[in-house]
Each structure stands twice: as C-alpha cells, then as structure tokens.
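Everything below concerns the one structure shown next.
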RNA sequence: GCGAGGGUAGCCAAGCCGGGAAACGGCGGCGGACUCAAGAUCCGCUCCUGUAGAGGUCCGAGGGUUCAAAUCCCUUCCCUCGCACCA
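Residue numbers (my numbering): 23 to 935.
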C-alpha cells in the first residue's frame with residue numbers, strides 16, 4: 023500500500039472474489055444477441071505489459087458500461103498459445119513447450135484477474151489444446167473440400183547447418199554492404215550465424231486470393247473501422263485494373279546479337295504482359311521479363327550471360343534498374359513492330375504477369391532503363407488535344423492525355439484508347455491483378471497445429487479423415503531441426519485411402535490460422551461436434567467492438583475476414599464480416615518512446631498494481647488520452663489518479679458515517695436549497711455527458727466528467743450542510759460513472775453507501791438532462807463568475823461586502839428571441855414595432871440597436887426563468903469564493919442603472935465594497 | 001513518390017464532424033487559506049495591457065471563403081505510420 027492512500031490490495035482482492043463467487047461475468051448460452059466486446063487475445067508470454075493493460079482495460083470498461091446499460095454482454099478471453107517463443111524457451115530450459123505455455127497462461131490469467139478484468143472464464147479458449155486445434159484441422163479439411171487449399175513449391179529461408187526452415191523473424195543481420203549491387207543482403211541464422219539460403223519446399227497454401235475481390239470491396243462497408251486500417255488493407259490487397267496483352271516472343275529476324283549458345287528451338291510462344299497503360303502501347307520500345315519468369319529461366323539454362331545476370335547480377339532491392347538483352351524479339355500486337363526482349367531485375371514476377379512492355383516516354387522507371395540501355399523514347403500521349411507530343415527525352419510524361427502517333431487510335435483520350443485497344447487486340451482482355459498472394463500456412467515447427475495430411479507413395483498427399491481428428495502433437499523432442507521430423511513413431515502411419523505405409527505431414531500451421539476464427543469459438547467453446555454453433559454464432563456475431571494493436575491491421579484482421587467469408591459460403595454463417603467496430607489502440611510510451619526490454623524503459627504493470635492498485639492503473643491509463651492515441655506513462659498522472667480515488671473514498675466514507683458537513687453559518691434553508699439545486703443539476707449534466715462519451719469510447723472525457731462531479735460534491739460539502747438525498751445521489755452517480763474503469767473501489771464504496779446488490783450489476787443512471795442545456799448553464803455560471811472576478815480585480819476590490827447579480831428582464835429575452843427568428847432588414851424597426859418592447863423606451867431602442875449590430879452572432883440563451891434559477895443555484899460558488907453576501911435579483915428588484923446593463927446570458931453585476 | 005493520421009498556451013491534452021466566448025481538464029509554476037511546520041486538502045492566478053466585466057495578440061506557416069475561422073477551402077512546412085522499381 024502507498025502512504026496516504028487506501029488499502030487497495032484488500033479492496034481489490036475482496037471484490038474479485040465476490041464477483042467470481044457471483045459469476046457476474048457469465049454469459050449464458052441462451053441469450054439471443056449479446057453485445058460482443060472483444061480484445062485481441064494475447065500470446066501468453068507470462069508477463070502482462072502495459073499494452074495489454076490498456077487493451078483489456080478498454081474492452082473491460084466498455085463491457086462493464088454496456089452491462090450496466092442493461093445489455094447482455096459477451097466478454098471472453100483466451101490464449102494465442104502456439105508459436106515459436108514457447109519452442110525456443112523449452113529448448114533453452116530443457117522443458118517442453120506445453121508445460122512452459124500452460125505455466126505462462128496461469129501466470130497471465132492471475133495477472134488479468136488482479137487487474138479486475140471481468141471475463142467469462144468458462145469460455146476461455148486455448149489454441150494449443152487438442153480440443154481447439156482439432157478444429158483448425160477440421161477447417162483445413164473443409165477448406166480443402168471447397169478447393170481453397172493448394173500444395174505447391176514455395177521459397178523458404180533455410181539454414182543449411184541447422185537443417186531447418188527459418189521464419190523471417192529468425193533471419194538476422196541483413197545489412198547489405200554499402201555500394202554493393204550484387205548479392206543483396208547478408209542474412210544469417212539467428213542460432214548459428216550460418217548464411218541463410220533460399221530453398222524451394224512444397225508448402226500448403228490457403229487460397230485467399232479467391233476472395234481478393236470481396237475482401238477488397240467490402241473494406242468500403244467497414245464504417246466502424248479506422249481509415250488507417252482500411253487503407254492498410256487496401257494497400258496490402260493492392261488491386262490494379264488493367265489489361266493483359268499477349269506478345270509473340272521469338273528469336274526471329276536476325277535480332278540475335280550472337281550471344282545465343284545453340285540453335286535449338288527459339289520459339290517461346292505468347293508471353294502475356296500486364297499493363298494499366300495500354301494507351302501507350304504504340305510507344306513501346308522494349309519488352310522485359312522478370313529474372314524468375316519461366317522464359318528467363320529457360321533462357322538462363324542455355325545462355326551463360328542470361329544465367330550470370332539472373333543468378334548474380336539481378337538486384338531487385340537496388341535502386342538501379344539492371345537488365346540484360348536476350349537477343350529475342352517480342353512482337354508488338356498492335357504495330358507488328360519487333361521489340362528487343364530484356365531480362366530485367368525491376369520486373370517482379372509477383373506483380374502482374376512478370377512481364378511488361380516498356381514505354382520510356384510515359385513511365386519513369388522505363389525511362390530510366392531506356393536511358394541506361396540506350397533505347398528509343400517515342401512519345402505517344404499528349405497532355406491535351408491541341409498539344410504536340412511532349413518531349414520525353416529528359417523525363418517521362420506520365421499523365422493521361424490524348425493519344426498521338428498511334429495510327430487509327432490517335433485523337434482518343436487515354437481512357438478511350440485503353441478501352442478500344444483492349445477490345446481490338448487479339449487475345450487481350452481486361453484484367454484485375456492483386457498484390458495479395460495466397461497464404462502459405464506451412465511452418466516447419468513443432469509447436470503448432472499439425473497439418474492433417476498423410477503422404478502416401480501411391481496416393482500422394484491424403485487428408486486425414488474427420489473421424490481421426492485431431493492429429494495430436496507427439497511428445498516434444500529437443501533436437502536440431504523440426505522435432506516432428508524426429509518423431510519417427512508418430513510420423514509413421516498408414517494411408518487412409520489405400521492402407522499402405524505412409525508418413526504424416528510434419529509441417530504445422532501458421533498460428534494466424536488459430537486466430538482467424540477464435541472469436542467464433544467463444545460462442546460455444548465446449549462444442550464437441552463442430553468448431554462453433556452456427557445458429558448461436560449467427561445471433562451473437564459479428565463482434566460489436568473489437569480492440570487491439572495496430573500491428574494486426576493487416577494479417578490477423580485480413581485472415582479473419584477471409585475465414586469469416588469462407589465460413590459464410592460453406593458453413594452457413596450469416597455475416598460476411600467478423601468485426602463491426604474496430605478500435606486500434608495507441609501505445610503506452612515512456613518519454614515519447616515505445617517501451618521495450620532492450621531499451622530498459624519498461625514500466626511493469628505488476629509493480630504499479632502493487633503500489634497503487636489496479637483501479638489506479640486503469641484510471642490513469644483511461645484518462646490519459648483517447649484510446650487510439652499514443653500517450654506517455656507519467657508517474658505524476660498515476661499519483662494524481664490515486665489521490666483522486668483516495669479522496670473519493672474519504673468523501674463517501676465521511677458521508678456514510680453520518681457527517682453531512684454542518685456549518686451553522688450557512689445552514690439556512692434558502693442557500694442550502696439553492697446549492698442543492700445546483701448540485702442536482704450538475705449530477706444530471708455529468709450523466710448526460712459521460713454517457714455520451716462512454717458510448718463513443720472517449721473514456722478520457724467521460725472520466726473528466728466523473729472527476730468534476732466528485733469535485734463539485736466535495737466543494738458542496740465543504741461549503742454547507744448538504745442535503746443528504748442530493749449528496750447521496752451524487753455519490754451514487756459518481757460511483758456508477760467511474761465503475762467501468764475503477765470497479766473495485768467503486769464497488770467497495772457502493773457497499774459503504776449501504777446499497778443493495780453489486781454495483782457491477784447496477785443500472786446505469788438515466789440520462790435526464792439535455793447536454794446542450796446543461797452546457798449552456800455551465801457557461802452562464804462560469805462567465806458570471808469570471809466577470810465578478812474580473813470586475814473586482816480590475817476595480818481593485820479586495821474584499822467585497824456584497825455582490826448583486828441581476829438577471830435580465832424578460833423583455834430583453836423576448837427581443838433576443840424575436841431577433842433570432844427575424845429576417846427583416848430593419849431589426850430595430852421590427853423590435854420597436856412591438857408594444858411590449860417599445861414601452862421600455864430608450865433602453866429598448868439601445869438594446870435593439872445592439873441586437874442589430876451583432877445580429878449574425880446572436881445565440882440562443884437559457885430562457886429567463888432558467889437563467890434566474892441557474893444563477894440562484896450557483897450563487898454559493900460566488901459567495902464561497904469572495905466571502906461576500908450574494909444576491910441574485912430580478913431586474914425589477916434592482917436599481918435601474920445596474921439592471922440596464924444586463925443581457926440574456928450575461929447578468930448585470932454590482933459589487934459593493 | 002502514393003496514402004492515412006497528427007502539429008492547440010511551459011508540458012500533456014479537450015475543442016475541429018454540425019464556424020460565433022483567450023480556447024475544458026490535468027501536470028508544472030505562482031499567490032492565498034488551513035497547519036507550529038511539512039505533506040495532504042481547499043480557493044485563485046498562470047499571452048500582453050487595463051482602477052467595473054474592456055482592448056490587443058493567439059491554435060505549425062501563408063492565403064481564401066464568411067458578418068464571424070482553432071474549426072470550412074487551397075497552398076506550404078514539419079512529425080508519425082502504412083505502401084512502394086506495382087507495369
């Protein structure tokens with residue numbers, strides 16, 4: 023416990039146990055459509071860090087808020103429990119990944135419970151348990167049945183010394199020597215520093231590209247997602263609309279430069295190029311192939327120079343466009359012209375078709391290449407119909423325009439030309455290409471879901487039958503390479519099809535497979551015959567509010583969307599998007615820097631909880647900034663939050679002990695009643711504002727409101743003997759507004775107040791106030807107080823005897839109302855035409871002129887009665903501050919010369935020394 | 001280069017969508033109350049000028065729209081993030 027604080031540890035333990043006993047976070051299976059609030063489940067490292075605390079405080083606070091609002095809430099938690107770190111830890115510690123992971127999970131669950139996160143632990147999901155990963159395997163089968171699984175060669179990082187595949191994260195070094203254009207980066211195995219090589223292995227893929235179009239298109243519908251994430255997904259999917267155009271490639275017409283080795287077949291047939299600028303095809307002056315294009319590879323086999331280039335010179339990472347002429351010719355399908363064919367490293371096999379035609383006049387990169395190779399530049403697009411073809415010798419003209427020097431197409435706009443050319447060219451067609459690749463899920467690791475496949479010499483790869491799932495992991499063996507490969511007994515099996523001896527697939531699945539559907543498993547975590555209960559999922563999904571780090575903006579969120587769509591198509595899910603609203607929470611930093619172990623600037627949540635308690639940690643984190651913004655951890659801020667909770671506790675306890683703060687001097691009924699009215703209004707205002715802010719997840723502003731309310735209550739009590747009913751209501755409301763964020767201490771104080779039942783299950787206070795009116799009242803009070811201060815300051819009144827606040831006469835309010843509604847040119851005339859105004863003579867004329875002058879800036883104010891009432895109720899604030907008698911007078915009760923300066927929203931003030 | 005999000009008083013941070021108050025709140029600093037004192041708590045002040053609520057300047061910079069701009073539009077600079085030899 024902290025000095026000067028409260029015994030947070032006792033309070034927090036006590037209520038955690040009480041809530042647990044009462045199962046307050048349990049979501050029964052029979053609710054129809056709970057509000058589904060979800061934080062991205064963590065990798066169980068064993069230690070919760072501040073990022074977790076922030077993430078899960080956000081979901082917890084929102085879940086608690088919705089629950090108090092009367093919603094059924096689903097707020098589960100689970101563990102992304104497979105993955106490399108466990109395997110490495112097990113190797114280092116000579117244990118096994120399972121025991122290590124289970125231990126970490128237990129530690130982290132304890133830490134979460136200590137934070138007071140309210141989860142339905144009966145729905146806990148742990149991906150490394152067979153009862154979970156069985157469904158990964160089952161889904162793999164279903165994907166295969168839907169023709170969404172493919173096995174093909176893929177390049178992987180390979181360490182020849184460890185004889186294993188390395189994940190990208192396990193490849194280190196990577197610093198390419200400056201100035202080097204060959205060889206690329208030096209990549210080393212993280213374990214043994216052996217240079218990593220690339221190797222082609224047969225890998226399993228999920229065909230996410232089948233859904234590229236829908237994944238891309240539906241981003242527009244994700245209105246509840248941040249733009250940044252949507253944009254990142256768009257970039258990742260990377261749609262390009264263009265045309266595919268076939269070029270005849272051959273070693274025709276003596277174009278060979280003699281480098282060719284032999285005279286074998288020189289026909290390469292049609293090679294498709296992809297372009298988004300078909301309008302520039304008349305300006306094509308070369309044709310280029312990616313180094314790993316099939317044609318390039320064929321050439322490399324027979325041509326030493328090409329071989330040399332492909333194997334050693336090509337540097338796709340470098341800035342320089344490098345290439346080598348092949349001696350081949352590609353025939354421009356429009357002009358019949360022969361173009362020299364290059365193999366060039368700036369052509370990427372994964373973009374388009376891995377082949378392109380170059381138009382130096384209209385593409386910067388082609389221009390650079392042409393310059394280097396001494397190729398022609400032929401401009402064929404002019405900026406507009408009247409312009410000449412641009413001079414593209416120096417720089418390419420890359421805008422659309424009007425096509426020139428293009429035969430029958432000349433004169434068309436770029437867009438028209440593209441359309442016409444696509445129609446006309448034989449074999450050409452519109453095509454949309456995506457950057458998105460199929461998802462390779464094979465991992466040569468132990469600690470993952472075994473891919474449910476058996477390799478049979480006769481039948482090839484065969485899916486393990488559904489009845490034999492799960493394929494469980496064998497005991498862990500601490501070996502070099504993949505432990506599954508070493509598990510001979512496990513590996514050897516029989517073919518499900520023909521019964522012959524066969525071997526199990528030893529690859530496991532990418533852990534992103536696990537996380538692509540875990541949110542569905544929470545719906546029916548125990549279900550034994552399906553991954554999820556479809557009917558219930560249709561009621562409960564989509565996740566209403568998903569919260570997690572921006573680092574998952576692409577992979578996890580994209581894979582999850584993909585799974586959801588596949589399951590919608592094949593398993594009867596109704597919703598095609600899993601996450602309705604997404605919040606990408608910001609980072610908790612220290613002095614502007616990301617907390618990290620290597621920097622040694624990590625603030626441990628456990629230490630904070632110990633010193634200040636979970637409530638303080640949660641309150642500080644939530645009030646520091648909007649949830650999506652980064653913010654700095656601040657010891658000062660933590661102390662301030664702690665001091666606030668301590669004050670709150672003292673305030674409630676004093677009141678509950680029967681001390682209502684009697685001050686005989688001010689206990690007279692009138693002041694007390696007015697003050698109570700003020701406090702009453704502030705309570706309702708706080709509810710109105712905070713509710714709206716909680717709804718918007720802007721906890722920081724909601725909490726400000728709650729803190730202000732507590733401040734008001736304390737000032738009230740300090741000033742006078744409080745109206746117990748009003749004061750208690752204020753405390754109860756403050757506790758409710760704070761309960762989602764600081765649940766333990768609020769629950770404790772709820773009990774101190776003698777309330778029945780749990781605060782966690784209490785009803786959220788009704789919104790009775792109109793926020794706009796409440797804010798207008800606050801403005802009036804604040805402005806009036808400021809005016810009093812300013813007058814006494816400027817006039818040098820140190821110790822005022824009496825302050826008169828004179829409320830504006832009704833007729834001025836009426837005049838303002840008329841002015842706001844009037845569209846007459848002569849406002850003065852209109853106002854003075856009204857008898858009830860005009861009879862106030864000169865004062866009326868003056869005010870009318872003022873209104874006319876400021877006409878455009880006039881704003882609605884509180885009605886006269888409300889103004890008077892508000893000021894009377896707030897009079898105590900002035901009295902308290904200036905220690906002077908305060909009278910709130912109606913205009914007719916005050917001297918004429920004072921009252922006349924009053925205006926709606928701005929009472930006259932007279933200070934007597 | 002393309003895209004997204006930011007730049008608000010000493011610091012952090014509201015306000016910007018739906019234009020109208022030198023611009024909420026917190027921290028730090030200053031003054032005061034309470035106290036023997038410190039801490040805690042409470043009341044103010046914290047852009048400049050001003051002996052009755054005023055005037056001036058101000059929200060990265062520069063333009064514009066408007067009776068009126070931190071807020072809308074354009075240009076520009078800086079920061080953060082994502083994508084990028086993408087055909």
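Cβ coordinates follow ideal geometry from the N, Cα and C atoms, glycine included. All of these numbers come straight from a predicted model, not from anything done at the bench.
| query | result |
| --- | --- |
| Mind listing, in chain order, the continuous alpha helix (DSSP H) runs of no fewer than 4 residues lying wholly within the segment 772-829? | 793-816 |
| Thinking residue 61 and residue 77 are a contact (beta carbons under 8 Å), I'd like their distance in whole angstroms, please. | 5 Å |
| Taking the straight line between their C-alpha atoms, what separation do you get for residue 827 and residue 898? | 12 Å |
| Go ahead and pull the three-state DSSP assignment for residue 155. | helix |
| Look up residue 301 in the DSSP assignment and say whether it is helix, strand or coil. | helix |
| Applying the criterion that 16 or more other CB atoms from any shown protein chain within 10 Å of the CB defines a buried residue, is residue 156 buried or exposed? | buried |
| I'd like to check one pair, residue 217 with residue 224: are the Cβ atoms closer than 9 Å? | no |
| For residue 22, count the other beta carbons within 10 Å of its own beta carbon; 16 or more makes it buried, fewer makes it exposed. Which is it? | This structure leaves residue 22 out entirely; the chain is present only between 23 and 935. |
| Okay, do the segment 778-795 and the segment 805-822 touch, 3+ Cβ pairs below 8 Å being the bar? | no |
| Where does the unbroken beta strand (DSSP E) through residue 379 begin, and where does it stop? | 377-380 |
| Can you give me the C-alpha to C-alpha distance between residue 854 and residue 875, rounded to a whole angstrom? | 15 Å |
| Please give me, in chain order, every unbroken run of the beta strand (DSSP E) with length at least 3 that falls completely inside the segment 820-885. | 824-828 |
| Using the Cβ count rule (16 or more neighbours within 10 Å means buried), how would you classify residue 396? | exposed |
| Judging by CA-CA distance, which residue of 428, 401 and 407 is the nearest neighbour of residue 417? | 401 |
| Measuring alpha carbon to alpha carbon, tell me which residue in 213, 163, 162 and 169 is nearest residue 187. | 213 |
| Whose C-beta lies closer than 7 Å to the C-beta of residue 986 among residues of the same chain, with five residues either side of it excluded? | Nothing about residue 986 can be read from this structure; the chain reaches only from 23 to 935. |
| In this structure, how does DSSP classify residue 930 when only helix, strand and coil are distinguished? | strand |
| Since residue 913 and residue 880 should fall inside the 8 Å C-beta cutoff, what is the C-beta to C-beta distance between them, to a whole number of angstroms? | In fact, because the Cβ distance is near 20 Å, the residues do not count as touching under 8 Å. |
| Please classify residue 779: is it buried, with 16 or more other beta-carbons within 10 angstroms of its beta-carbon, or exposed? | exposed |
| Can you list, in chain order, the stretches of the alpha helix (DSSP H) that have 4 or more residues and sit fully within the segment 377-407? | 386-395 |
| Suppose you measure from the CA of residue 641 to the CA of residue 553; what does that come to, to the nearest Å? | 37 Å |
| Can you list, in chain order, the residues of its chain whose CB lies under 7 Å from that of residue 518, leaving out five sequence neighbours each side? | 476, 484, 486 and 487 |
| Locate the beta strand (DSSP E) running through residue 568, then write down its first and last residues. | 565-571 |
| Answer yes or no: do residue 569 and residue 611 have a C-beta to C-beta separation smaller than 9 Å? | no |
| Span of the alpha helix (DSSP H) holding residue 322? | 316-324 |
| Quick check on the DSSP output: the alpha helix (DSSP H) that includes residue 73 runs from which residue to which? | 72-90 |
| Can you tell me whether residue 99 is helix, strand or coil according to DSSP? | coil |
| Rounded to whole angstroms, what's the CA-CA distance from residue 581 to residue 268? Just pull it up for me. | 34 Å |
| Opposite residue 592 in the DSSP bridges: which residues? | Note: residue 592 sits in no beta bridge, so no partner. |
| Of all the beta strand (DSSP E) runs that stay within the bounds of the segment 213-277, which reach a length of 3 or more residues? | 219-228 and 262-272 |
| If we ignore side chains and look at the alpha-carbon of each, how far apart do residue 846 and residue 864 end up? | 21 Å |
| With a floor of 3 residues, list each beta strand (DSSP E) that falls wholly inside the segment 583-639, ordered by position along the chain. | 601-607 and 610-612 |
| Thinking C-beta only, is residue 700 closer than 9 Å to residue 664? | no |
| Decide yes or no for the touch test of the segment 696-710 against the segment 662-679: beta carbon pairs closer than 8 Å, at least 3 of them. | no |
| Around the Cβ of residue 199, are there at least 16 other Cβ atoms within 10 angstroms (buried) or fewer (exposed)? | With a pLDDT of only 36 at residue 199, under the threshold of 50, the placement of this residue in the model should not be trusted; the figure read from the coordinates follows. That one is exposed. |
| Rounding to the nearest angstrom, what Cα-Cα distance links residue 935 and residue 920 in this structure? | 16 Å |
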